[in-house]
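Residue numbers for the sequence shown follow numbering that gives the first Met the number 0, so the first one is 0 and each next one is one higher.
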Amino acid sequence: MMNLINTLKKNGYEVQEGPFTKRNVIETQKELVKSGYPFLPIEFLTFLQSYNGLRGEDSAVLGIDPRDKGLDIVVFNEIHNGSKDMVILGYDDFCFLVYDERQKDYFLVDRETGDELESFSAEGLAEGLNSILHY
Numbered sequence: 000m001m002n003l004i005n006t007l008k009k010n011g012y013e014v015q016e017g018p019f020t021k022r023n024v025i026e027t028q029k030e031l032v033k034s035g036y037p038f039l040p041i042e043f044l045t046f047l048q049s050y051n052g053l054r055g056e057d058s059a060v061l062g063i064d065p066r067d068k069g070l071d072i073v074v075f076n077e078i079h080n081g082s083k084d085m086v087i088l089g090y091d092d093f094c095f096l097v098y099d100e101r102q103k104d105y106f107l108v109d110r111e112t113g114d115e116l117e118s119f120s121a122e123g124l125a126e127g128l129n130s131i132l133h134y
């Protein structure tokens with residue numbers, strides 16, 4: 000995972016590093032659940048502890064109370080997510096990277112149709128991030 004992040008930094012991705020508190024995590028989880036979305040997976044929260052949001056020309060990884068408010072995971076899901084079974088974690092021009100709590104897997108979902116394009120195991124966060132960030 001760290002190799003991916005270092006590669007992205009070298010290739011011009013803006014990294015929204017910034018510590019967030021346990022309270023931020025709890026509040027974000029509450030807001031997501033209150034809106035009907037699942038909890039964020041632990042693996043994703045661990046990733047956010049070091050790299051709370053990434054933005055490229057045509058892709059991004061969302062974050063918890065990031066400095067770039069366009070990367071706020073709660074707001075983004077409220078605007079773009081029509082499914083209550085999954086939470087959007089990031090995106091590129093064509094698809095969303097989502098976590099499906101029922102299946103405990105990560106998926107790439109077509110932004111327009113909602114069709115599943117690719118699936119990754121519960122340990123597949125790095126693969127999913129590689130797919131949307133094109134590395």
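Backbone N, C-alpha and C define an ideal beta-carbon position, used for all residues, glycine too.
If you're wondering where the values come from, they're calculated on a predicted model, not measured in any experiment.
Whole-angstrom distance between GLY81 and LYS103, CA atom to CA atom: Going from the Cα of LYS103 to the Cα of GLY81 covers about 19 Å.
Classification of PRO18 by the beta-carbon crowding that lies within 10 angstroms, buried from 16 upward: exposed
Spatially closest choice to LEU116 from ILE25, PHE93, ARG54, GLY62, by CA coordinates: PHE93
Test item: CB-CB of PHE75 and ILE87 under 8 Å: yes
For ILE87, the three-state DSSP class (helix, strand or coil): strand
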